[in-house]
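The structure under discussion appears below in the form of structure tokens.
Right, dumping it as structure tokens:
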């Protein structure tokens, strides 16, 4: 049996995340993806000078080292609009990469771009690839309304547009009603089940904003972000540095009129943005001119009842740790996507981890959650946190609508 090839993360970059209807709302999702694809190439010393200024219609890059990129894999939760179903291929072409590089787009909703990392790492592990560009993108501002086709011609009744931005639409009538509640109502049920109170949620959310602002102020994100051309957005648009648990406590609940605790303040916002990362074998170092940051040491997905989607990262991370051969006692950094404060706290309570190691540079409640882009964001942030601290082990995880979770364990290859 051939020995498995290790898969490493070499670099990661993302755009600042914009709010729905905000600074990035006029930028198409395929253009957002193109920004991080081009920036990834520019940040690789041995590839940077090979990138053309426009799409390579003449195929001039086919004989260059750019063609050594084995494949581009992007996550995207929508795909119904300007992504043209396969935004990975669109961004590859728009970025000017050789037309010979294949591109595929994966949809595991909120976990899509971390799934892209898992798919790419498996190709590297099996020796099918040495260099993969992965990432994700979402424009929730530009997600289209869709009009379902009629079951018969010339209908005499009205038809209703469906909003593809977030959540259930065009629901199958055979799907049990308890599974198809809104994400917010599902989180209300989750916090009831696991005893998460409003005070803890608001404190967690305020901390997310404060840590995010502090991380930007200290330059933590300088090497993790790239500006979108012709857009005035230097930082994540939804960070509110002045947030406190007391101020958030004054917000009204959104999903329940009575006995509700989920508010806009303790939930992640809707956003636009893109992210990307280089994954490769040890041979990729010579292709890129970069040294690896961390090894993908474990990975897993898990699933439970759809209404308890927020808890699914618990099993996913536990499985990933087991596959990496370590336990929570070994972990020094966690990047958990904060879909809601309630579900984040339910997960961290189950893991028994100290909150000081969770999202130390802020999380999605402040930074934002452009669905398909969030997986690579948490993975890239985790790699850079481990690089800065010198600690060895970290976990990146996300909950996923319809009852799924996904996680990756990173090992810092330069751990002190």
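Residue numbers (my numbering): 27 to 442. All residues carry an ideal CB built from backbone N, CA and C; glycine is no exception. All of these numbers come straight from a predicted model, not from anything done at the bench.
Looking at the secondary structure, which residues open and close the beta strand (DSSP E) in which residue 158 lies? For this step, residue 158 is matched to residue 132 along the chain shown. Looking at the DSSP string, the run of the beta strand (DSSP E) that includes residue 158 is 157-165.
Checking the sheet assignment: what are the DSSP bridge partners for residue 9? Outside the displayed span of the chain (27 to 442) sits residue 9, for which this structure offers no information.
Closest to residue 109 by CA distance: which of 87, 285, 299 is it? If you number the chain shown from 1, residue 109 lands on position 83. Residue 299 is the option with its Cα nearest to residue 109.
Can you tell me where the beta strand (DSSP E) with residue 40 in it begins and where it stops? Translated into positions along the chain shown, residue 40 becomes position 14. Start and end: 34-40.
Start-end ranges of the alpha helix (DSSP H) lying completely within the stretch 357-404, minimum 4 residues: 367-377, 390-393
Can you give me the Cβ contacts of residue 226 inside the same chain, cut-off strictly under 7 Å, excluding the 5 residues immediately before and after it? Taking the first residue of the chain shown as position 1, residue 226 is located at position 200. Within the same chain, residue 226 has close Cβ partners 371.
Keeping to the same chain, check which residues put their C-beta closer than 6 Å to that of residue 46; ignore five residues upstream and five downstream. Along the chain shown, one-based indexing puts residue 46 at 20. Excluding residues within five positions, the ones whose Cβ falls inside 6 Å are 166, 167, 296.
Secondary structure at residue 419, three-state DSSP: helix, strand or coil? By one-based count along the chain shown, residue 419 stands at place 393. Here residue 419 sits in strand by DSSP.
So residue 326 is in the beta strand (DSSP E); what residue range does that whole segment cover? Locating residue 326 in the chain shown gives position 300, counting from the first residue. That run of the beta strand (DSSP E) goes 320-329.
Near residue 212, what residues of its chain come up, given a Cβ to Cβ distance below 8 Å and the 5 sequence neighbours on each side ignored? The residue given as residue 212 occupies position 186 in the chain shown. Answer for residue 212: 332, 333, 334, 335, 336, listed in chain order.
Where DSSP assigns a beta bridge to residue 171, which residues make up the other side? Stepping through the chain shown from its first residue, residue 171 is reached at position 145. Answer is 189.
Residue 434 bridges to which residues according to DSSP? As a first step, residue 434 is located in the chain shown; it is residue number 408 there, counting from the start. Answer is 325, 422, bridged to residue 434.
DSSP state of residue 125, grouped into three classes? Looking up residue 125 in the chain shown gives position 99. In the structure shown, residue 125 sits in coil (DSSP, three-state: anything other than H, G, I, E or B).
Flag this pair as yes or no: are the beta carbons of residue 291 and residue 274 separated by less than 8 Å? For the purposes of this step, residue 291 is taken as residue 265 along the chain shown, with counting starting at 1. For the purposes of this step, residue 274 is taken as residue 248 along the chain shown, with counting starting at 1. Yes, the Cβ-Cβ distance between residue 291 and residue 274 is below 8 Å.
Quick one: does the C-beta of residue 205 sit closer than 7 Å to a heavy atom of the ligand FMN? You won't find the ligand FMN in this model; it holds no ligand whatsoever.
Taking contact to mean at least 3 C-beta pairs separated by less than 8 Å, is the stretch 180-191 in contact with the stretch 416-427? no
Just reading off the alpha helix (DSSP H) that residue 57 is part of, what are its end residues? Stepping through the chain shown from its first residue, residue 57 is reached at position 31. Unbroken alpha helix (DSSP H) run through residue 57: 55-68.
Of all the beta strand (DSSP E) runs that stay within the bounds of the stretch 292-318, which reach a length of 3 or more residues? 297-306
Return the CA-CA distance between residue 72 and residue 321, expressed in angstroms with no decimal places. Position 46 of the chain shown holds residue 72. Position 295 of the chain shown holds residue 321. Taking the straight line joining both Cα atoms gives about 21 Å.
Among 210, 216, 171, the one whose alpha carbon lies nearest that of residue 196: For the purposes of this step, residue 196 is identified with residue 170 of the chain shown, where counting begins at 1. Cα-wise, what sits closest to residue 196 is 171.
Hey, residue 346 and residue 324: beta-carbon distance below 8 Å or not? As a position in the chain shown, residue 346 is number 320, starting the count at 1. As a position in the chain shown, residue 324 is number 298, starting the count at 1. For residue 346 and residue 324, yes; Cβs fall inside 8 Å.
Under 8 Å by Cβ, that's how I've got residue 50 and residue 259 pegged, so tell me the actual separation to the nearest angstrom. Here residue 50 corresponds to residue number 24 of the chain shown, with the count starting at 1. Here residue 259 corresponds to residue number 233 of the chain shown, with the count starting at 1. With a Cβ gap of about 7 Å, residue 50 and residue 259 count as contacting.
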